[in-house]
Amino acid sequence: GATAYDHAQMLFNGFPELDSNGSTVISAIQFGQIEVVTRANAWFGIEAGRKVTLTVLSVNTTGATLQNAGVSESDPALVAEVAGDIARALFAPRNRATTKQLMQSLKKP
Numbered sequence: 053g054a055t056a057y058d059h060a061q062m063l064f065n066g067f068p069e070l071d072s073n074g075s076t077v078i079s080a081i082q083f084g085q086i087e088v089v090t091r092a093n094a095w096f097g098i099e100a101g102r103k104v105t106l107t108v109l110s111v112n113t114t115g116a117t118l119q120n121a122g123v124s125e126s127d128p129a130l131v132a133e134v135a136g137d138i139a140r141a142l143f144a145p146r147n148r149a150t151t152k153q154l155m156q157s158l159k160k161p
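Sequential numbering from 53 applies to the sequence shown in this note's numbering.
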């Protein structure tokens, strides 16, 4: 049968994707929400059975390509480039509707 991971992956695959065209370090930016139920965790004071809406913002980088080129994820220039590419994608006119949808999903009910 399907596992919780399989179900989450199916939901994730349906998340909207921003156009990151032109980025040399970002291959995809996706976001969405998943309804989850907590498990007890004494270390963080989390009770079991609480329903939570988990908002996911996934930024996929071309990490393998960067590592092969000898670039580290802790490189300040790379971090700045990724941040800039994310901002450009969020504010690109072609992504306006998707970004608006993302912003609406972050508002408290």
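Backbone N, C-alpha and C define an ideal beta-carbon position, used for all residues, glycine too.
- Each residue's CA atom was taken as its position, placing R148 and L142 some 7 Å apart.
- Going by beta carbons, S79 and T114 fall inside the 8 Å limit.
- Residue state for F143 is assigned as helix, using DSSP reduced to three classes.
- With contacts defined as CB atoms closer than 8 Å, F83 and L154 qualify as a contacting pair.
- Put simply, of T90, S126, K160, R146 the residue whose alpha carbon is nearest the alpha carbon of S72 is R146.
- For S157, the enclosing alpha helix (DSSP H) stretches over residues 148-158.
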